[in-house]
Each structure stands twice: as structure tokens, then as C-alpha cells.
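Since the structure comes first, as C-alpha cells, the remarks are kept for the end.
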Amino acid sequence: MKYLIPVFVFFLSTMCLAQKPVEKTLLWEIKGNGLTSSSWLYGTYHMACADELKVDSAITHAFAATQQLYLELDLSDPTLQLQSLKWMGMANKQRLQDLLSPADFDSVCVLFKQKTGYALRPMQNTKPIILSSLLYPALMKCTPEGWEQIFLKMAKERNVPVKGLETVAFQMSIFDSIPYKDQAISFMQSLYHFDSVQKASSKLVEMYQSKDLDKMQSEITEDPDLGKYASLLLYQRNQNWVPIIEEQARQQPTFFAVGAGHLGGNSGVIALLRQKGYTVTPVFY
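So this is what it looks like as C-alpha cells:
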């Protein structure tokens, strides 16, 4: 699972090939199929350096034409942090040291401290996939930010409501469905082969900057280890989101912002919406 950390920032049914998007853009207009006004869909990168987050005029125009913002989670919820803390631990009080050999656990503690500045032992009940996210600043050589925070600020300035496609509890339950042992080994290997993971992370950033959804999707599905969990991390969630997107778009023009990895491919959100009869067109910028 060598690409689990960088791929996961995308944050992670057989369809007709003609349905999948091939155009290189991150912004899409949703219309047709009875909608009285357009809604918009944007593929985000959950962790990026500040200089990589630039709001184009096309994004500003699309956002201004909508009346509510939908993210994967409702980041405006003041209880979100407390909810996250509640679900961060592994079930049955499992610990990282129970999933690795004593020698590996000691090595991981040393490497984790070197990369993050944090002591690992007090956090070892935390799901390993979440521990992996603490490596992002070292991987990216910056203090990472996300598109979600930018859109949240834009929503606050316009005083439009913010909502979520799913809950923290649901997201955390997905991580419980991936064996903790697999997560622990991936976390360990990421620390042992940090330079390789860093290169893979940079490669994905370049793909995102090129706005190539098809290539990003291939990178995810062709990974020999991550492919086992693509259904959990991406496809099932896409299926869950589409009815919500339909309902909200019918009620009022909405700006939907989700991880770019959810948009591309034959089982991505764009393909699923097109299969439902909606016209989802690329907006180039």
C-alpha cells in the first residue's frame, strides 16, 4: 500500500465508458434532467501548500451563482473536532505496538518523532491511517491547507449555509473497515521509505495541478494494494452522495466540493450523475 498516504487525500458498479470524464478540469456544471438552475461540482485536494490554492474567476463566478455549499463534512459544525476525537481510536482498545513487532514499533516511534516532532506512544491507540495524516507537513514541506477551508471562508463571507454529504462517524467507520494491521504496516512502510512516499505525493500534486481526473483515477485503481479498498474509500461513498446531490440541486443551486478522486472514472460522481440523466459539463479555466 505504498501510495496510501498521498492517495488518501483524495480523500478516496460498472458504467459505460462514454460516461466518464476525460476533459482536464476540476470545475463542472450540473444541469438538465428537470433542474431549474445549474449547480456546480468541484474536485478538491484536501491537503496542499498555500501557493497552490488559487481561486480562479470561473470558480468565483460559479460559487456566486449558488445558494449553499456542500462539502464531504460540514466543516462549519462547531462540534466537529469533538466528534472526530471520539472516533479516532481503534476499536477494542487496540494499540499500534500490538500490530507491529517490538523492533519495528521502536523504530517507528523514533522516525515519527523525527518527522513530526510528536511522541507516538501517547497516540498509539489512534487509527494508523489517521497517524499517517500527521506526516503531511513533512511530506509536503509546508503547512498544508485545503480547498475546503477556502470555500468555507467564501461561504461565510456570503452568509450561505454549509452542509455535509456524510458524518464524521461514517467516515471513521470506513477506516474501521480497513484492517488495522494493513494500516499499521502501511504507516510503518511510509516512515521506512519516506523519500519514495514523498515523490509519490509530489506526483499526485502534479496530476492534480494538471486537472487530469482520468489520470488521477488510474493512479488510485492501479495501485496493487490500495485497489482492494477503492470500493470502501471511493465508490460506495460516490453512490451514497449522488442521491443527496440530486435532491439538493433540485431544491436550490448548490456548490458541491469533494475530493478530486471521487469525480473521475466510470464509478465517479460525474459518471453516476450522467447515468441518471444529468448534463455534467466541464468548465475550463
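Residues -18 to -1, 1 to 267 in mature numbering (1 follows the signal peptide of the UniProt record, and there is no 0) are what the sequence shown spells out, letter by letter.
Using N, Cα and C, we set each Cβ at its ideal position, and we do this for glycine too.
For G259, the closest C-alpha among the options V4, L17, E5 and T7 is that of L17. At the C-beta level, P3 and G250 come within 9 Å of one another. When the Cα atoms are used, Q1 and A253 turn out to be separated by approximately 5 Å. In chain order, L147 place their CB closer than 6 Å to the CB of W223, counting only its own chain and leaving out the 5 sequence neighbours on each side. By the CB criterion at 9 Å, T48 and P225 fall outside the cutoff.
Closest in alpha carbon position to N107, among D164, D80 and Y211, is D80.
Along the length of the segment 12 to 51, whole beta strand (DSSP E) runs at least 3 residues long occupy 21 to 26, reported in chain order.
Excluding the 5 residues flanking it on each side, R77 has same chain C-beta neighbours closer than 8 Å at Q106 and N107, in chain order. The beta carbon of L117 sits closer than 7 Å to those of I(-14), K97, T98 and S172, all from its chain and outside the five residues before and after it, given in chain order.
P119 places its beta carbon 9 Å or farther from that of A30. In chain order, C91 and F94 place their CB closer than 6 Å to the CB of L102, counting only its own chain and leaving out the 5 sequence neighbours on each side. Around F237, the same chain offers W22, F45, T48 and L51 as residues with beta carbons nearer than 6 Å, after the five sequence neighbours per side are excluded. Apart from the 5 residues on each side of it in sequence, L214 sits with its Cβ closer than 6 Å to the Cβ of I156 and S159 in its chain, given in chain order. The beta carbon of P143 sits closer than 6 Å to those of Q50, all from its chain and outside the five residues before and after it, given in chain order. For T261, the uninterrupted beta strand (DSSP E) run begins and ends at T261 to V265, by DSSP.
Beta bridge pairing from DSSP links K145 with Y52. For the 9 Å CB-CB criterion, D56 and K145 form a contact.
DSSP places T98 in the uninterrupted alpha helix (DSSP H) bounded by P84 to T98. Here the alpha carbons of K36 and L64 stand approximately 30 Å from one another.
For Q180, the CB contacts under 6 Å within the same chain, skipping 5 residues up- and downstream, are L121 in chain order. Membership of V240 in the beta strand (DSSP E) is indicated by the continuous run T236 to G241.
In this structure, DSSP gives T203 a helical state, which the three-state scheme calls helix.
Collapsing the DSSP output to three states places L78 in a helix. Cβ-Cβ distances below 6 Å link K6 to K193 and D194 in the same chain, with the five nearest sequence neighbours on each side left out; the list follows chain order.
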